[in-house]
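K.L.:
In order, the protein sequence lines correspond to chains A and B. FYI, in this note's numbering the residues of the first sequence are 1 to 250. FYI, in this note's numbering the residues of the second sequence are 1 to 250. We treat Cβ as the ideally placed atom computed from N, Cα and C, and that holds for glycine. Please see the structure below; I have some questions.
Number of protein chains: 2
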Amino acid sequence: MVYNIADILSEPEIQANKKLIDEIIINFLPSNHGIKEINLLYNMMRDYPLRPAKGIRSSICLFTSQAFGGTIDDALLTASSLELFQNWILIHDDIEDESELRRGQPVLHRKYTIPLAINAGDSLHGRMWSLLQKNHSLLGTELTLDIINEFIHMLNETTEGQHMELSWSQNNDLNISQEDYLVMCTKKTSWYTCITPFRLGNLIAEKKNINKNKFVEFGTNLGIAFQIRDDILNLTADSKYGKEYAGDII
Amino acid sequence: MVYNIADILSEPEIQANKKLIDEIIINFLPSNHGIKEINLLYNMMRDYPLRPAKGIRSSICLFTSQAFGGTIDDALLTASSLELFQNWILIHDDIEDESELRRGQPVLHRKYTIPLAINAGDSLHGRMWSLLQKNHSLLGTELTLDIINEFIHMLNETTEGQHMELSWSQNNDLNISQEDYLVMCTKKTSWYTCITPFRLGNLIAEKKNINKNKFVEFGTNLGIAFQIRDDILNLTADSKYGKEYAGDII
């Protein structure tokens, strides 16, 4: 039997989790500053998180926590922080890739400007760490720091992968080895879409440090499959897809 | 007696500290990756840190640690991370402000491209957190997390200040109240140049959490003085200054 991702994501349990995550993010992000410029920054930070999204990464984190005997509650702040990671990095990626659409609407730097959008990405990045800080009262010092360490590693892998893809794209380099393509997918996609969400769910359930290789091979392969599917969708999908044709590739 | 900042910075003790910080950063940042694209990213990350700089923020952190009975050694990784903060945020600021020169050389996005430079800034940002992680074996879990929390707060203040200044500049808004100008200086400059470096030095010496208001008023005022001086220099300095005329202001 072949599962369609849209069917999986419409499962009531996934929808319920997605609602919890959305609520945490929207209640957490700042709003209504007395200085009108800062108020605009707050609106920019809330823009992508308010657009409809699948929430795959937070779902993986929550279900992995449950699968290893942990609770959804313990993993909620961390899973929400994964969505903030996705959102701030998309703001920067959309500038770097010169994208036009994100989730069916104009990208942030077209609604505002590139300078304001770069800074709004950095600002949302800062709030991601602030949300992770809030784990302290729930999970204690050690586990809070372990979770932060997972995010740091994920960030370093992701920017290296993004650099590889950007370099090829800028140089019109079509002479890429399969080996390098797979390294790029692993760094750019597998870590933040699969490996780290799985590891975080497991870590939160176990409440102690897990082996540094756990989920790396499995998550690498699943992430590569995700990226290949995403690249094909970018060439074949219809207008409901929400991004422009071939925008991720050329 | 009026002290010239160049005289202060040429003091042997400050020069010796600066050398220690430079060594930590250069030994810490990754180099020589087998994949040539990632190797280029590593070169981009080392570019600004290798340019001559004053190292004011790390000096404040180290001397404050000593002044409160702590050691230079305990504060070195944290002080070096302050310099990494300065370097990655300058990469992004230079794009946002459309600057041409940084420390007497072309800005990073002119040597490479805007997309690669945005991502290199994010990548260097990631390495800043990695360097802060290394405090763990030296200072323990609690203090490592306290230091990370100071950096998170500094980041959130700085991006709000940068947004205010960018908004005024983009809108050609000359009708700014003195109150708003001082809020902007405090957020954009005082936190990362004065308040947080002082607080970190104190925190590392005390080895326990310090009052959240400590150094805030003093550092705010010193930072505002620094920013006003910097704005005037931007209009009056000679060619040794290393930035283009009025580039920070218009």
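So which of A/Cys61, A/Ile14, A/Glu23, A/Arg51 has the shortest CA-CA distance to A/Thr193?
P.N.:
Restricting attention to A/Cys61, A/Ile14, A/Glu23, A/Arg51, the CA atom closest to the CA of A/Thr193 is found in A/Cys61.
K.L.:
Pick helix, strand or coil for A/Arg103, following the three-state DSSP scheme.
P.N.:
For A/Arg103, the secondary structure class from DSSP, reduced to helix, strand or coil, is coil.
K.L.:
Taking the beta carbon of A/Gln227 as the centre, do at least 16 other beta carbons fall within 10 Å, making it buried, or is it exposed?
P.N.:
The residue in question, A/Gln227, is buried, as its Cβ has 16 or more Cβ neighbours within 10 Å.
K.L.:
Give a yes or no on whether 8 Å exceeds the smallest Cβ distance from A/Ile232 to chain B.
P.N.:
Chain B contact via Cβ: absent.
K.L.:
Considering only the beta carbon of each residue, do A/Asn144 and A/Asn156 sit closer than 8 Å?
P.N.:
According to the sequence provided, residue 144 of chain A is Thr. The question's Asn does not apply to it. No, they are not a contact pair.
K.L.:
How many Å lie between A/Glu160 and A/Leu139 at the Cα?
P.N.:
30 Å
K.L.:
Which residue comes first and which comes last in the alpha helix (DSSP H) that contains A/Tyr112?
P.N.:
From DSSP, A/Tyr112 is part of no alpha helix (DSSP H); its letter is neither H nor E.
K.L.:
Assuming the contact rule is C-beta atoms closer than 8 Å, B/Thr78 and B/Leu235 should be a hit. Round their C-beta distance to whole Å, please.
P.N.:
No, B/Thr78 and B/Leu235 are not in contact; Cβ-Cβ is about 34 Å, not under 8 Å.
K.L.:
Do A/Leu41 and A/Ala120 come within 8 Å of each other at the CB atom, strictly closer than that value?
P.N.:
In this structure, A/Ala120 lies near A/Leu41, with their beta-carbon atoms less than 8 Å apart.
K.L.:
How about B/Gln162: is its C-beta nearer than 8 Å to some C-beta of chain A?
P.N.:
So yes, B/Gln162 belongs to the interface.
K.L.:
Please classify A/Ser59 as buried or exposed, where buried requires at least 16 other C-beta atoms within 10 Å of its C-beta.
P.N.:
buried
K.L.:
At a Cβ cut of 9 Å, what residues of the stretch 92-106 of chain A count as close to chain B, listed as they run along the chain?
P.N.:
His92, Asp93, Ile95, Glu96, Asp97, Glu98
K.L.:
How would you call A/Thr189, buried or exposed, if buried means at least 16 neighbouring beta carbons within 10 angstroms?
P.N.:
When all chains shown are included, A/Thr189 counts as buried.
K.L.:
Among the residues of its own chain, which have a CB less than 7 Å from the CB of A/Gln105, if the five just before and after it don't count?
P.N.:
Arg51
K.L.:
Which two residues bound the contiguous alpha helix (DSSP H) that contains B/Ser190?
P.N.:
Note, B/Ser190: premise wrong, no alpha helix (DSSP H); not H, not E.
K.L.:
At the level of alpha carbons, what is the spacing between B/Ser80 and B/Asn149?
P.N.:
16 Å
K.L.:
In its own chain, which residues sit with a C-beta less than 7 Å from the C-beta of B/Lys54, not counting the 5 before and 5 after it?
P.N.:
Leu9
K.L.:
Closest Cβ-Cβ distance between B/Gln178 and chain A: below 8 Å?
P.N.:
no
K.L.:
Pick helix, strand or coil for B/Thr159, following the three-state DSSP scheme.
P.N.:
Residue state, collapsed to three classes: helix.
K.L.:
Alpha helix (DSSP H) containing B/Asn211: first to last residue?
P.N.:
Looking at the DSSP string, B/Asn211 is not in any alpha helix (DSSP H), and its letter there is neither H nor E.
K.L.:
Which chain A residues are close to B/Ser80, counting only those with a beta carbon under 7 Å from its beta carbon?
P.N.:
Those within 7 Å of B/Ser80 in chain A number zero; the least Cβ separation is about 16 Å.
K.L.:
Alpha carbon to alpha carbon, how far is A/His33 from B/Lys207? Give it in angstroms, no decimals.
P.N.:
34 Å
K.L.:
Can you tell me where the alpha helix (DSSP H) holding A/Pro12 begins and where it ends?
P.N.:
12-28
K.L.:
Using C-beta distances below 6 Å, list every residue in its chain close to A/Phe215, excluding the 5 sequence neighbours before and after it, in chain order.
P.N.:
Ile195, Phe198, Arg199
K.L.:
Cutting at 7 Å between CB atoms, please list the residues of its own chain near B/Leu131, excluding the five before and the five after it.
P.N.:
The beta carbon of B/Leu131 sits closer than 7 Å to those of Phe28, Leu77, Ser80, Ser81, Leu84, all from its chain and outside the five residues before and after it, given in chain order.
K.L.:
How long is the line joining the alpha carbons of A/Arg229 and A/Ala6, rounded to whole angstroms?
P.N.:
14 Å
K.L.:
Give a yes or no on whether the minimum CB-CB distance between A/Trp191 and chain B is below 8 Å.
P.N.:
no
K.L.:
Kindly indicate the opening and closing residues of the alpha helix (DSSP H) around B/Pro49.
P.N.:
Taken as a continuous stretch (DSSP letters only), the alpha helix (DSSP H) holding B/Pro49 covers 36-50.
K.L.:
Going by C-alpha to C-alpha distance, which of B/Asn213, B/Lys187, B/Asp73 sits closest to B/Gly223?
P.N.:
For B/Gly223, the nearest C-alpha among the options comes from B/Lys187.
K.L.:
For the stretch 127-140 of chain B, list every residue whose C-beta sits within 9 Å of some C-beta in chain A, in sequence order.
P.N.:
Arg127, Trp129, Ser130, Leu132, Gln133, His136
K.L.:
If you count every other CB in all the chains shown that lies within 10 Å of the CB of B/Asp73, and 16 or more means buried, which is it?
P.N.:
Classification for B/Asp73: exposed.
K.L.:
Taking the CB atoms as reference points, tell me whether A/Ile95 and B/Ile118 lie closer together than 8 Å.
P.N.:
yes
K.L.:
With distances taken from CA atoms, which of B/Leu182, B/Leu90, B/His153 is nearest B/Met253?
P.N.:
Nothing about residue 253 of chain B can be reported from this structure: the residues present for chain B run from 1 to 250 only.
K.L.:
In the structure shown, what three-state DSSP assignment does A/His254 receive?
P.N.:
Only positions 1 to 250 of chain A appear in the structure, and residue 254 of chain A is not among them; the question remains open.
K.L.:
Over what stretch of residues does the alpha helix (DSSP H) that includes B/Cys61 continue unbroken?
P.N.:
First-last of the alpha helix (DSSP H) with B/Cys61: 56-67.
K.L.:
What does the alpha-carbon distance come out to for the pair A/Ser123 and B/Trp191?
P.N.:
15 Å
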